[in-house]
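Residue numbers (the numbering used here), protein chains in the order written: chain A, 7 to 182; chain B, 274 to 490.
Virtual Cβ for every residue (Gly too), placed ideally from N, Cα, C.
The model shown is predicted, which means the values in this text are computed figures rather than measured ones.
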Amino acid sequence: MTESPGLLRRLDASGAPLLIARLVVGGLFIKMGWVKAADPVEFLKLIREYRMVDEGSPWLMNSLAAVLPWAEIAGGVLLIAGVALRGTALLFLLMLIGFTGAILIRALGIFHEGTSAFCGIRFDCGCGSGEVLICNKLLENVGLTLLSLLIVFSRSRRFCLRGDLFARQGPTMAAS
Amino acid sequence: MRVVGRVIAEFVVVTVVCLAVGLAANAASSRGLKLSEDYFRTARGRVVVRSETKPTADPAPPAVADPVNGTTEPAADGAAPVADGVEQRLALHGLQAISHEETVQLFEDPAYGIDYVFVDARNDRRYAEGHVPGAFQVDHYYRDRYMDQVLPFCMGALKVVVYCSGGDCEDSEFVARGLIEYGVDPGKIFVYPGGMEQWRGGGMPVETGGRGSGIIR
């Protein structure tokens, strides 16, 4: 007698959690990428304020400011369209880890100057949402990270154009 | 392991595609950046952070700079001199500051626009929202687009005053250095550190739209 799949498996197989995660993560990255792509100079100045990129290498700082927003938009489109889900989610995971780390380091630097309580710290993190309370931004990034992990580990491929680039499957078959 | 391999391969393909899209979009965009341009070379090692929640000290009253003699005189009664720190910072890059009072004097001089030229170092949107009447615009990050129009006036002027938003804005310094690189005599270039913030705060007229639009507030 075969065991019926657990609740999480059945939920995943429905495709709903994956679809919601794709829409939220993809939509947010498109929105934030668009804001930054519209004013790359402003984004460049914000990257410079982090003091984590060597100013002696303008190539790196300029490339981040010029290319990253459009890469976010492209990745967001891939997620929403349901193409190369795991690869895209992995890329966004790395971005989120990098962004969150940079924000945390900068916030801790401000905190150690003793001018503000940690959760009272606010600055424009360069995320495309203007000046934000850092605790809220960190929570948001944690949420996005969890949703990206869901996309990586989900087995469902419902509502996807081509969820796995290198697997032979139809658009509505769940990957085994 | 085969699944892991496929995921890694997919990640590589997605990354390459996203980077390619980014590079292509930047190249095609009118707001695209030049990847090799050192936009901040005149401010290397000095980063002005604009948006952190730190208590900001009131700006020190600025000293009056005498650009002709290269001296700094005590401020007259009621005048606001340029902060010593700002002067020193500008001097490090071969630039000189000008006080609000002298800036107003140049603006009100009959020779304004010919002998005395003002240059706004902000982007198109901020320039259109309000600038010193008759000021030219040079957006430092796309300066090639503006120099042809502005340079002849700067070359023929006795004094060129460059400003941006004021406060922590550094773009006026970048544009001033850019004018020098394009051949304008550094002795006649002045940076107005107070910028539009101080100009507006002083109740001075502000022109909106393009240069010479005539729409004055």
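- At least 9 Å separates the CB of A:Val41 from every CB of chain B.
- Judged by DSSP in its simplified three-state form, A:Glu119 adopts coil rather than helix or strand.
- About 11 Å separates the beta carbon of B:Phe380 from that of B:Tyr436, a gap too long to meet the 8 Å contact definition.
- Residue state for B:His404 is assigned as strand, using DSSP reduced to three classes.
- Non-local beta-carbon contacts of B:Lys461 in its own chain, meaning distances under 7 Å to residues more than five positions away in sequence, involve Ala430, Leu431, Lys432 and Val433 in chain order.
- DSSP places B:Phe391 within a strand segment (E or B) once states are collapsed to three.
- Within 10 angstroms of the beta-carbon of A:His118 lie fewer than 16 other beta-carbons, which makes it exposed.
- By the 16-neighbour rule on beta-carbons within 10 angstroms, B:Cys442 is buried.
- Boundaries of the alpha helix (DSSP H) around B:Asp417: Asp417 to Gly429.
- In this structure, B:Leu308 places its C-beta atom within 9 Å of the C-beta atom of A:Asn68.
- Contact holds between the segment 98-111 of chain A and the segment 141-156 of chain A, because three or more Cβ pairs, one in each stretch, are under 8 Å apart.
- A:Asp45 is the residue among A:Ile116, A:Asp45 and A:Val158 whose C-alpha sits nearest the C-alpha of A:Ala71.
- Under the criterion of beta carbons closer than 8 Å, A:Arg128 and A:Ile140 qualify as touching, at roughly 6 Å.
- Contact between A:Ala80 and B:Cys291 holds: their C-beta atoms lie close to 5 Å from each other, under 8 Å.
- In the DSSP secondary-structure assignment, B:Tyr385 is bridged to B:Tyr389.
- The criterion of a C-beta distance shorter than 9 Å is not satisfied by B:Ser438 and B:Arg484.
- Using a 10 angstroms sphere on the CB of B:Glu375, the tally of other CB atoms reaches 16 or more, which defines it as buried.
- Contact between the segment 39-53 of chain A and the segment 156-176 of chain A is not established, with fewer than three Cβ pairs separated by less than 8 Å.
- Between the alpha carbons of B:Asp412 and B:Tyr419 lies a distance of about 7 Å.
- Taking the C-beta atoms as reference points, A:Ser154 is found nearer than 9 Å to A:Leu99.
- Against chain B, the beta carbon of A:Phe172 has neighbours under 8 Å at Arg279, Ala282 and Glu283, listed in chain order.
- In this structure, A:Glu78 sits away from A:Phe124, with a CB-CB distance that is not shorter than 9 Å.
- If you look at A:Val47, you'll find it isn't in any beta strand (DSSP E); it sits in the alpha helix (DSSP H) that goes Pro46 to Tyr56.
- With a beta-carbon spacing of about 7 Å, A:Pro64 and B:Tyr312 fall inside the 8 Å limit used to define contacts.
- Here DSSP, grouped into helix, strand and coil, assigns A:Arg168 to strand.
- In this chain, the alpha helix (DSSP H) harbouring A:Asp18 covers Leu13 to Ser20.
- Per DSSP, B:Glu470 lies in no beta strand (DSSP E) segment; the continuous alpha helix (DSSP H) that holds it begins and ends at Gly468 to Gly474.
- Apart from sequence neighbours up to five positions away, the residues of its chain that approach B:Gly456 with a beta-carbon distance below 8 Å are Leu424 and Met428, ordered along the chain.
- Between B:Val289 and B:Asn299, the alpha-carbon positions lie close to 15 Å from each other.
- For B:Leu365, not one C-beta of chain A is nearer than 9 Å to its own C-beta.
- Contact annotation for A:Asn147 against chain B: no contact, minimum CB-CB distance about 18 Å [criterion: below 9 Å].
- Listed in chain order, the non-local C-beta contacts of A:Ile116 below 8 Å within the same chain comprise Ser122, Ile127 and Phe129, local neighbours out to five positions each way being set aside.
- Rounded to the nearest angstrom, the gap between the Cα atoms of A:Thr94 and A:Lys51 is 27 Å.
- Between the alpha carbons of A:Val30 and B:Ala408 lies a distance of about 45 Å.
- Sixteen is the threshold: since fewer than 16 other Cβ atoms of the shown chains lie within 10 Å of the Cβ of B:Val285, the residue is exposed.
- Taking all protein chains shown into account, A:Ser162 has 16 or more neighbouring C-beta atoms within 10 Å of its C-beta and is therefore buried.
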